[in-house]
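Asks: I have a structure here, written as structure tokens, and I will follow up with some questions on it.
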Amino acid sequence: MNSRLLSYTIANSLSMSEHLPGAHFNKSETKGLYEPHGSVALGESTERSSKHNREVAAAVPQFQQWRQVANQVKRYVIRNLDKLLAEFERNVKARGGEVLWAADADEANRHVMRIARENGVTSVVKGKSMVSEEMELNHHFEAAGIRAVETDLGEYIVQLAGQRPTHIVTPALHMSAEEVGRLFSEKLAEPYSAEHQHLTNVARRHLREEYLRAEMGITGVNFALADTGDVCVIENEGNSGLSCSTPPVHVALMGIEKILPGVDYLPLFLNLLGRSGTGQKLTTYTHIYGKASPGKKFYVIIVDNGRTEVLRDPAAWMSLFCIRCGACLNACPVYRRTGGWAYGWVYPGPIGAILVPHLVGLDKAASLPFASSLCGACGEVCPVMIDIPHQLVHLRHRATSESTPMNSFTERLMWKAWAWAMVRPWRYKLAMGVVKLGVRMAKFLPWHPGKLGQWTRGRELPRPPAEPAFRGWWRRHGKQYEQSEE
Amino acid sequence: MSIPGQIAPRQDDPPYQSGEPVALFIPCYIDQFYPEVGKACAELLRQQGCPVVFPEKQTCCGQPAFNSGYWDEARHVVHQFREAFMGQRWIVCPSGSCTAMCRVFFGHVDGDEELVQAGRRVFELTEFLVDILGVTSTGARFPHKTTMHIGCHGQRELGLTDQPVRLLQSVQDIEYVELPNIEECCGFGGTFSVKMAGTSLAMGKTKAENILSTGAEVVVSPDTSCLMHIHGIMQREEKMKHIRAMHIAEVLTQR
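First to last, the protein sequences are chains A and B. For the first sequence, this note's numbering assigns the number 486 to the last residue and increments by one with no breaks. For the second sequence, this note's numbering assigns the number 1255 to the last residue and increments by one with no breaks.
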């Protein structure tokens, strides 16, 4: 692997966040997670998707085995990134494609801008790419005076609205058809309609012109195949296909973890990704590109941007297994209520909560691992069996041990006192007596401080019973239970 | 949840021999706030002919500190657990969440082999009754419309499936109604309930609405901690005030 990949710097891709509503990562550090801010549309859509995903998975008897195999393949891939990426690079080059390496978002942006300059690009069409979101690529295009248009319908809507995607697969999940109708009539001067077919037709008509005008197409990569040097892009709308093939230059952006050993492994992952992402057996289009058409150019940019940093933490490596299906977002009861923006950066939901702290630095994303009730729904649906719930507690431990905003002296003091009380039965009884007294007294207080107030803002406190604790009762009556009746 | 290489299997081999003592692990909040649950637990085990013991040195499984990230503090407490239950072959706990802490997470806090083994000997109550003792009915009678919330840790960390439902359905005269979206989290999540209270409450309200929609008079769970949160919310809602919350052990001992 290119040695530059190992040098890690926090991407300054965060620096432009303040231009966008819903992205206040640096300012208030994911404050939005504390309260439900998600739209009704988001809650309903994710619940529907999640149910649908479960039904589709349940219809395949060997689905759980698929997950296990995929997990094993990913173990192999992440352990052999250096070899596989080098093999991929050789094979792309052998067919005339160019491979560029980017240690961080900055370097990736410089590559793209250089390619644009060299090819005289003034207009770009973009298929969906999460790496380009990490790079804030659209802003870099804007700054360079290049027109860049998102062609995935959801991304197009979000771009027109001047927002950030709220979901990694379905970016405009938070918007209703009515809102999209109003947006189109305002920004595209189209007559208002909330009818789905009509809205799709409007977008289609506007986007066709963009494909024909663009000198460069940008796409993400779902899977890169080391043994052939192909990249695989899957989609439902045909927009990625048009973005790759219509303009004279195609730039594919991929994270280093997108590599697979070879085409033999592709069917397994296509089966899992479609089902877990959108509840489809297979997405409508599966494109495999390895070579530019005559007279055209093909570039692959392989981006690290914090990914190798994950490997520093032995407990975290499975977060690099992610194939960006979004199943954990749909399944997560917290995501459903807060929405994607609350997580503050590109990747929301449970996968964001365990991945972003590595990609941008734990000190900048320390509260993300706490945005979970640890219900485990994410781990249950993950098609590559990432141990998300366990990584969440692991990162909580790191966040409270290292220098982060979540490392609170007063909270540690509280837990120290708690631990002091819990290691001797007499101290336990004393402490519990105080707690029970406190709970009884709380009824008479007009106002409850701190965490107690957080409980009682929407819940009654449990009523301490008049009778003694179980252990008191056992001392008197336990004897009769110690003998078997038989 | 079974992750290859990360499974913390329960130690249910060799099988339970008649007359082997069963140690009760009564979680701290049940001990202090819901002693009836502990009594029902002891009663159920006695009915099955198990000699019951209660190691008095027990305090807490360490989960609150562990889930909050304070593992050093949790470490002291889990070792207290190991000491208290030293030499116990079968440990039964009326909480899926505390059982998961013991069986799955002790190893995260400390790799100490004795500690990990102690954790693997802990069983959730309904799991012990159904899987280990082979109980199909406890002979209880409970003539009420009842629904059930199964805690997430029981379902996803321990792999609890229909054990609690089967026991509940075996109760005489009970009218069991399945809760819509039964697999969904109630939003309690330990310190999550006060650290991210707004989101926790929003989740709890959905759960409470679902319970109300079943028309049940009683909501039952193998996890009292979830009930503390759900019932706390329902007591604030006029239309839900009448719904009682009971641990499954309390229902299974009704006559």
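Built from N, CA and C at the ideal position, the CB exists for glycine as well. Model, not experiment: these values are computed from the prediction.
If you measure from the beta carbon of methionine 16 of chain A to each beta carbon in chain B, is any gap under 8 Å?
Replies: In the first sequence, counting from the first residue as 1, residue 16 of chain A sits at position 16. Below a pLDDT of 50, predicted positions are generally treated as unreliable, and methionine 16 of chain A, at 34, falls in that range; the measurement from the model is reported next regardless. No, methionine 16 of chain A does not count as interfacial toward chain B.
Asks: Tell me the DSSP secondary structure of aspartate 1072 of chain B in three-state form.
Replies: Position 72 of the second sequence, counted from the first residue, corresponds to residue 1072 of chain B. In the structure shown, aspartate 1072 of chain B sits in a helix (DSSP, three-state: H, G or I).
Asks: Once the 5 residues before and after glutamate 190 of chain A are set aside, which same chain residues still bring their CB inside 8 Å of it?
Replies: Residue 190 of chain A sits at position 190 when you count from the first residue of the first sequence. Within the same chain, glutamate 190 of chain A has close Cβ partners Phe184 and Val202.
Asks: Rounded to the nearest angstrom, what separates glycine 537 of chain A and valine 1052 of chain B at their Cα positions?
Replies: The requested residue 537 of chain A is not part of the displayed model; chain A covers only 1 to 486.
Asks: Chain B partners of phenylalanine 223 of chain A, CB-CB under 7 Å?
Replies: Residue mapping note: residue 223 of chain A aligns to position 223 of the first sequence, counting from 1. Within 7 Å Cβ-Cβ: nothing; phenylalanine 223 of chain A doesn't reach chain B, min ~21 Å.
Asks: Verify whether the separation of the beta carbon atoms of proline 369 of chain A and leucine 395 of chain A is less than 8 Å.
Replies: For the purposes of this step, residue 369 of chain A is taken as the residue at position 369 of the first sequence. For the purposes of this step, residue 395 of chain A is taken as the residue at position 395 of the first sequence. Contact: yes.
Asks: With DSSP run on the structure shown, which of helix, strand or coil describes serine 1221 of chain B?
Replies: By one-based count along the second sequence, residue 1221 of chain B stands at place 221. Residue state, collapsed to three classes: strand.
Asks: Note down the Cα distance separating arginine 1010 of chain B from glutamate 1127 of chain B, rounded to an integer number of angstroms.
Replies: Looking up residue 1010 of chain B in the second sequence gives position 10. Looking up residue 1127 of chain B in the second sequence gives position 127. Whole-angstrom Cα-Cα distance: 11 Å.
Asks: Is there contact between the stretch 1111–1128 of chain B and the stretch 1089–1099 of chain B, where contact requires at least three CB pairs shorter than 8 Å?
Replies: Cβ pair count under 8 Å is three or more, so yes.
Asks: Can you check whether the C-beta of glutamine 1163 of chain B is within less than 8 Å of a C-beta belonging to chain A?
Replies: Here residue 1163 of chain B refers to the residue found at position 163 of the second sequence. No, its Cβ sits nowhere closer than 8 Å to a Cβ of chain A.
Asks: To the nearest angstrom, how far is the alpha carbon of proline 1164 of chain B from that of proline 1222 of chain B?
Replies: Counting from 1 along the second sequence, the entry for residue 1164 of chain B is found at position 164. Counting from 1 along the second sequence, the entry for residue 1222 of chain B is found at position 222. Answer to the nearest angstrom: the Cα atoms are 7 Å apart.
Asks: Provide the residue span of the beta strand (DSSP E) that contains isoleucine 351 of chain A, from first to last.
Replies: In the first sequence, the residue the question calls residue 351 of chain A occupies position 351. Here isoleucine 351 of chain A belongs to no beta strand (DSSP E); instead the alpha helix (DSSP H) covers 349–360.
Asks: Which of helix, strand or coil does DSSP assign to histidine 52 of chain A?
Replies: Along the first sequence, read from residue 1 onward, the residue named residue 52 of chain A stands at position 52. Helix at histidine 52 of chain A.
Asks: Identify each residue in the stretch 467–484 of chain A for which the Cβ-Cβ distance to at least one residue of chain B is less than 9 Å, and report them in chain order.
Replies: Hits within the stretch, in order: Glu467, Pro468, Ala469, Phe470, Arg471, Gly472, Trp473, Trp474, Arg475, His477, Gly478, Gln480, Tyr481, Glu482, Gln483 and Ser484.
Asks: Can you tell me whether isoleucine 259 of chain A is buried or exposed, with buried defined as 16 or more other CB within 10 angstroms of its CB?
Replies: Translated into the one-based positions of the first sequence, residue 259 of chain A becomes position 259. By the neighbour-count rule (16 or more Cβ atoms within 10 Å), isoleucine 259 of chain A is buried.
Asks: I'd like the list of long-range same chain contacts for leucine 33 of chain A, defined as Cβ closer than 6 Å, with 5 residues on each side in sequence excluded.
Replies: By 1-based counting over the first sequence, the position of residue 33 of chain A is 33. Thr338, Ala342 and Ala371.
Asks: Residues in its own chain within less than 7 Å of proline 1015 of chain B by CB, not counting five upstream and five downstream?
Replies: Locating residue 1015 of chain B in the second sequence gives position 15, counting from the first residue. No residues qualify anywhere along the chain.
Asks: Does any residue of chain A bring its CB to less than 8 Å from the CB of serine 1213 of chain B?
Replies: To locate residue 1213 of chain B, count along the second sequence from 1; it is residue 213. Closer than 8 Å: no.
Asks: Compile a chain-ordered list of the residues in the stretch 441–461 of chain A whose CB is closer than 9 Å to at least one CB of chain B.
Replies: Within the stretch 441–461 of chain A, the qualifying residues are Gly450, Lys451, Leu452, Gly453, Gln454, Trp455, Thr456, Arg457, Gly458, Arg459, Glu460 and Leu461.
Asks: State yes or no: is the C-beta of asparagine 236 of chain A within less than 8 Å of the C-beta of threonine 283 of chain A?
Replies: Looking up residue 236 of chain A in the first sequence gives position 236. Looking up residue 283 of chain A in the first sequence gives position 283. Yes, the Cβ-Cβ distance between asparagine 236 of chain A and threonine 283 of chain A is below 8 Å.
Asks: Going by other Cβ atoms of all chains shown within 10 Å of its Cβ, with 16 needed for buried, is threonine 410 of chain A buried or exposed?
Replies: To locate residue 410 of chain A, count along the first sequence from 1; it is residue 410. So threonine 410 of chain A counts as exposed.
Asks: Below 7 Å on C-beta distance, what does lysine 1239 of chain B contact in chain E?
Replies: No chain E is present in this structure, whose protein chains are A and B.
Asks: Run the CB neighbour count on proline 247 of chain A, radius 10 Å, all protein chains shown included, and call it buried at 16 or more, exposed below.
Replies: To locate residue 247 of chain A, count along the first sequence from 1; it is residue 247. Flag for proline 247 of chain A reads buried.
Asks: Are any of the Cβ atoms in chain A nearer than 8 Å to that of threonine 1199 of chain B?
Replies: What you label residue 1199 of chain B is simply residue 199 of the second sequence in a count that begins at 1. So yes, threonine 1199 of chain B belongs to the interface.
Asks: I need the straight-line Cα distance from leucine 392 of chain A to phenylalanine 1033 of chain B, nearest angstrom please.
Replies: As a working mapping, residue 392 of chain A is identified with position 392 in the first sequence. As a working mapping, residue 1033 of chain B is identified with position 33 in the second sequence. For leucine 392 of chain A and phenylalanine 1033 of chain B, the distance between alpha carbons rounds to 29 Å.
Asks: What's the call for lysine 978 of chain B, buried or exposed, on a 16-neighbour Cβ count within 10 Å?
Replies: Summary: the structure shown does not reach residue 978 of chain B, with chain B confined to residues 1001 through 1255, and so no result is reported for it.
Asks: Under 7 Å Cβ-Cβ, which residues of chain B neighbour lysine 436 of chain A?
Replies: Looking up residue 436 of chain A in the first sequence gives position 436. Simply Gln1032.
Asks: If you pair each beta-carbon of the stretch 141–149 of chain A with each one of the stretch 93–107 of chain A, do three or more pairs fall below 8 Å?
Replies: At 8 Å Cβ cutoff, the stretches do not touch.
Asks: List the whole-angstrom C-beta distance separating asparagine 119 of chain A from glutamate 215 of chain A, where the pair is believed to meet the contact cut-off of C-beta under 8 Å.
Replies: Along the first sequence, read from residue 1 onward, the residue named residue 119 of chain A stands at position 119. Along the first sequence, read from residue 1 onward, the residue named residue 215 of chain A stands at position 215. Confirmed, about 6 Å.
Asks: Within its chain, find whatever has a CB closer than 7 Å to the CB of histidine 1231 of chain B; leave out the 5 residues flanking it on each side and keep chain order.
Replies: By one-based count along the second sequence, residue 1231 of chain B stands at place 231. Cβ within range, chain order: Ala1245.
Asks: Please report the distance separating the alpha-carbon of histidine 1242 of chain B from that of serine 1213 of chain B.
Replies: Reading the second sequence from its first residue, position 242 is the one you call residue 1242 of chain B. Reading the second sequence from its first residue, position 213 is the one you call residue 1213 of chain B. The straight-line gap from Cα to Cα measures roughly 13 Å.
Asks: What residues in its chain sit with their C-beta under 7 Å from that of threonine 122 of chain A, if we drop five residues either side in the sequence?
Replies: Walking along the first sequence from the start, residue 122 of chain A turns up at place 122. So the qualifying residues of the chain are Ile146, Arg147 and Glu215.
Asks: Comparing alpha-carbon positions, which option in B:Ala1040, B:Arg1156, B:Leu1024 and B:Gln1048 lies nearest glutamine 1017 of chain B?
Replies: On the second sequence, residue 1017 of chain B is found 17 positions in, with the first residue counted as 1. Out of B:Ala1040, B:Arg1156, B:Leu1024 and B:Gln1048, B:Gln1048 has the C-alpha closest to the C-alpha of glutamine 1017 of chain B.
Asks: So, with DSSP's three-state summary, where would you put serine 123 of chain A?
Replies: Position 123 of the first sequence, counted from the first residue, corresponds to residue 123 of chain A. In the structure shown, serine 123 of chain A sits in a strand (DSSP, three-state: E or B).
Asks: Nearest by alpha-carbon distance to lysine 1239 of chain B: which of B:Asn1181, B:Ala1216 and B:Ile1182 is it?
Replies: As a working mapping, residue 1239 of chain B is identified with position 239 in the second sequence. The shortest Cα separation from lysine 1239 of chain B among B:Asn1181, B:Ala1216 and B:Ile1182 belongs to B:Ala1216.
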